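Trainee:
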């Protein structure tokens, strides 16, 4: 009998310990605010973004957390694959029980994320996607906040940029633009974005899709641009691995337009050392060199370098940092995670970002809450990146026209031979009049 009593007591003790553990665990969970981030962790954008989010959370927790609780960042890897993103979000919501969803990078993964995001309608501050298709698919969703620019906004922005730049540098000509671009299923290439605005301002923008595999058509495209279009501005819109290939092809055929401009997520590490890189311009939302003119950028870069012993490479670093800080700021002002108060606080966001822009939510064509950074004009000078515009961030004066260092000078000087003048035939001498016989 005594043995049975002892067994019973032991069981009660074990059960009480188990319940005690569960209670403590629940209490710990309740004392944590969970932010769930969807990112491609093996990709450079995901690496920059996840590290920047971790940095932001560490800084927040070092100053007391939010609402007296520590913040926990839960990372979900979508592997940059559309068929993986839904499962990543399901896990964040149902297993990790996150309070808010952040992150996102590309158009394709975002489109596949939309159905599951709508299913749970959890407050989401999304840093990825630029396609109008995404904007339309999330129309009027009050829980969705977007902090990346839409492509359709950029055409007008580029036009404004060049109008301002030409006022300071009136020698710049920009009547004709030619674009060599990678085909984009979401219409995010610069020709699709810019040509409607160019037509509206009576400018000409033409372009062709370029390929490098299995056979490159770069020589044909650039030769066509050189000999027939003769653009004032040449833009290539593609992958970083193509940057040097295109530059070399342009050098070989002597294609040296007054403006040589690139649009790519990042540049090869040694691009600035390439002969011919001097004076190459490009559009970008951010570069580390902005720290020289922007305090928020300086603080972010210094903290990132201290934490990870290197600098972020892409703009998704400071954008992801901004993502977390916007959420944290709204939680503080809301005073709780109650849905209505949280959304209202997010709507009142006014955040000076290390991207050099102030983030304020306004309505776009589709989504109710849209904010984002603006592209800057940058230029390779002396092997380094210099900011040209906006003026408040500028670190150098514009080099114009494109110097074309190392380019095929003979090919550059070749001009289409003008048509040979038609030789005038000497006027036929009239035969002397026959003498009239008398």
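In my numbering, the protein residues as written are 244 to 681. Backbone N, C-alpha and C define an ideal beta-carbon position, used for all residues, glycine too. For clarity, every value in this text was computed on a predicted model and none was experimentally measured.
(1) Please say whether residue 480 and residue 432 have beta carbons closer to each other than 8 Å?
(2) Go ahead and pull the three-state DSSP assignment for residue 524.
(3) Could you tell me how far apart the beta carbons of residue 387 and residue 604 are, in whole angstroms, since I believe they sit closer than 8 Å?
(4) From residue 495 to residue 334, what distance separates their C-alpha atoms?
(5) So the candidates are 531, 421, 641, 393; which of them puts its Cα closest to the Cα of residue 350?
(6) Quick check on residue 569: does DSSP put it in helix, strand or coil?
(7) Mapping DSSP to helix, strand and coil, what is residue 423?
(8) Using the Cα positions of residue 366 and residue 383, report the straight-line distance between them to the nearest angstrom.
(9) According to DSSP, which residues form a beta bridge with residue 346?
(10) For residue 402, which three-state DSSP category applies?
(11) Going by the DSSP bridge assignment, what does residue 322 pair with across the sheet?
(12) Quick one: does the C-beta of residue 647 sit closer than 7 Å to a heavy atom of the ligand ATP?
(13) Rounded to the nearest angstrom, how far is the Cβ of residue 298 from that of residue 546, given a contact under 8 Å?
(14) Along the chain, where does the beta strand (DSSP E) containing residue 504 start, and where does it finish?
(15) Go through the region 566–623 residue by residue and report every complete run of the alpha helix (DSSP H) that reaches 4 residues or more, in order.
(16) Are residue 381 and residue 436 close, meaning C-beta to C-beta below 8 Å?
(17) Alpha carbon to alpha carbon, what distance is there between residue 345 and residue 280?
(18) Use the C-beta contact count for residue 468: other C-beta atoms within 10 angstroms, 16 or more gives buried, fewer gives exposed.
(19) Sorted by chain position, which residues of the same chain lie with C-beta nearer than 8 Å to residue 275's C-beta, five sequence neighbours on each side aside?
(20) Which residues mark the beginning and the end of the alpha helix (DSSP H) in which residue 437 is found?
(21) Measuring straight from C-alpha to C-alpha, what distance separates residue 343 and residue 357?
(22) Please report how far the alpha carbon of residue 627 lies from the alpha carbon of residue 485, in whole angstroms.
(23) Helix, strand or coil: how does DSSP classify residue 640 here?
(24) Count the other C-beta atoms from every protein chain shown that fall within 10 angstroms of the C-beta of residue 371, then say buried if there are 16 or more, exposed otherwise.
(25) Tell me where the alpha helix (DSSP H) around residue 518 begins and ends.
(26) Can you tell which of 412, 560, 310, 492 has its C-alpha closest to the C-alpha of residue 284?
(27) Keeping to the same chain, check which residues put their C-beta closer than 7 Å to that of residue 613; ignore five residues upstream and five downstream.
(28) Is the beta carbon of residue 321 sitting closer than 8 Å to the one on residue 331?
(29) What are the residues that DSSP puts in a beta bridge with residue 684?
(30) Tell whether a beta-carbon distance below 8 Å holds between residue 568 and residue 594.
(31) What is the rounded straight-line gap between the Cα of residue 610 and the Cα of residue 377?
(32) Classify residue 205: buried if its beta carbon has 16 or more other beta carbons within 10 angstroms, exposed otherwise.
(33) Indicate the three-state DSSP secondary structure (helix, strand or coil) for residue 673 in the structure shown.
(34) In whole angstroms, what separates the C-alpha of residue 582 from that of residue 364?
(35) Count the CB pairs spanning the region 286–303 and the region 538–552 that are closer than 8 Å, and state whether there are at least three.
(36) From the DSSP output, in three-state form, read off residue 627 for me.
Mentor: The structure says:
(1) Closer than 8 Å, so yes.
(2) Strand, per DSSP.
(3) That pair is no contact at about 11 Å.
(4) Approximately 53 Å, taken between the alpha carbons.
(5) Residue 393 is the option with its Cα nearest to residue 350.
(6) Note: residue 569 maps to helix in three-state DSSP.
(7) Under the three-state reduction of DSSP output, residue 423 falls in the strand class.
(8) Looking at the two C-alpha atoms, the distance is approximately 13 Å.
(9) According to DSSP, which records beta bridges pairwise, residue 346 is partnered with 281, 369.
(10) Residue state, collapsed to three classes: helix.
(11) As computed with DSSP, residue 322 is found in no beta bridge at all.
(12) Of ligands this structure carries none, so the ligand ATP is not represented either.
(13) Between residue 546 and residue 298 the Cβ distance is about 6 Å, and since that is below 8 Å, they are a contact.
(14) For residue 504, the uninterrupted beta strand (DSSP E) segment begins and ends at 502–506.
(15) Segments of the alpha helix (DSSP H) lying fully in the region 566–623: 582–590.
(16) Not a contact, by the Cβ cut-off of 8 Å.
(17) Residue 280 and residue 345 have their C-alpha atoms roughly 5 Å apart.
(18) Residue burial is scored here from C-beta neighbours: residue 468 has at least 16 other C-beta atoms within 10 angstroms and is therefore classed as buried.
(19) Closer than 8 Å at the Cβ level, and outside the excluded window around residue 275, lie 312, 313, 314, 315.
(20) Note, residue 437: alpha helix (DSSP H), 433–443.
(21) So the alpha carbons of these two residues sit roughly 15 Å apart.
(22) Answer to the nearest angstrom: the Cα atoms are 19 Å apart.
(23) Residue 640: coil per DSSP, three-state reduction.
(24) So residue 371 counts as buried.
(25) Element bounds for residue 518: n/a, residue is neither H nor E.
(26) Selected option, being the one with the closest Cα: 560.
(27) The answer, listed in chain order, is 389, 604, 605, 606, 607.
(28) One thing to note: residue 321 has its Cβ within 8 Å of the Cβ of residue 331.
(29) What is shown of the chain runs 244 to 681, which leaves residue 684 out entirely.
(30) In this structure, the beta-carbon distance from residue 568 to residue 594 falls below 8 Å.
(31) Answer to the nearest angstrom: the Cα atoms are 9 Å apart.
(32) This structure cannot speak to residue 205, because the chain is shown only from 244 to 681.
(33) At residue 673, the pLDDT of 42 sits below 50, so the modelled position is not reliable and the matter cannot be decided from this model.
(34) Taking the CA atoms as reference points, residue 582 sits about 11 Å from residue 364.
(35) Of all C-beta pairs linking the region 286–303 to the region 538–552, three or more are shorter than 8 Å, placing the two stretches in contact.
(36) Under the three-state reduction of DSSP output, residue 627 falls in the strand class.
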